[in-house]
Amino acid sequence: MSGAAPMLSGADDELRGHMGDRRLYGCLGTVVGPALAVLVAMLLGRAWNACDMGVNNAANSGFLLFLFIPGLSTGLLLGWVTVGILLGNRPFLHFFALAVTLPAVSWCALSLFWSGTTYDCPSGVPSWWPGFLPAPGF
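40 is the number that this note's numbering gives to position 37 of the sequence shown; each next residue is one higher, with no gaps.
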């Protein structure tokens with residue numbers, strides 16, 4: 004054995020290129036999931052603060068920081084992986100499915116913890132919430 008590297012066939016080159024795409028999607032998913040979870044947690048925290056919902060700001064922040072953000076980012080990452088597994092190497096369809104799935108998961112998580120009617124928000128929606136967007140809730 005001379006220690007020379009074996010010659011790669013065209014199929015090996017194609018597989019190596021496909022794995023590079025998978026790594027890129029995986030790295031992108033690990034950035035998008037937590038970033039979207041932080042944005043949803045900030046929106047929920049501001050809505051709670053405006054409507055005076057919950058025990059106090061420290062308890063609400065602790066819940067959002069230690070339970071909500073890790074839970075939602077795990078759910079978003081699982082959604083990302085599931086879409087990747089189900090759709091494989093179809094970039095346009097993959098992008099469209101992610102553009103629907105990630106906001107839908109975020110909206111459902113936001114709806115589960117959205118505050119009801121309070122003294123400060125009799126309609127259950129903060130005054131800064133845009134009227135053209137439906138308020139979260141089931």
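C-beta: ideal position from N, C-alpha, C; glycine also. All values derive from a computational prediction rather than experimental measurement.
Have a look at PRO137 and SER114 and give me their C-alpha separation to the nearest angstrom. 11 Å
How is TYR28 classed by DSSP in three states: helix, strand or coil? helix
For LEU47 and LEU105, believed in contact at Cβ under 8 Å, the rounded distance: Incorrect: roughly 16 Å between the Cβ atoms, too far for contact.
If you reduce the DSSP assignment to three classes, tell me which class THR77 lands in. helix
Contacting residues, own chain, Cβ-Cβ under 6 Å from ALA1 (five flanking each side not counted): Look at the range of the chain in this structure, 4 to 141, and you will see that residue 1 is not part of it.
GLY134 and TRP117: beta carbons closer than 8 Å? no
Could you check the C-alpha separation between LEU101 and VAL86 for me, to the nearest Å? 7 Å
Please give me, in chain order, every unbroken run of the alpha helix (DSSP H) with length at least 4 that falls completely inside the segment 57-105. 60-66 and 72-90
So SER109 and VAL34 are in contact, right, with Cβ under 8 Å, and what is the actual spacing, rounded? Not quite, the Cβ-Cβ distance comes to about 15 Å (not below 8 Å), so this is no contact.
Give the DSSP-derived three-state secondary structure of LEU18 in the structure shown. Note that LEU18 scores a pLDDT of 48, beneath 50, so its modelled location is shaky and nothing firm can be said.
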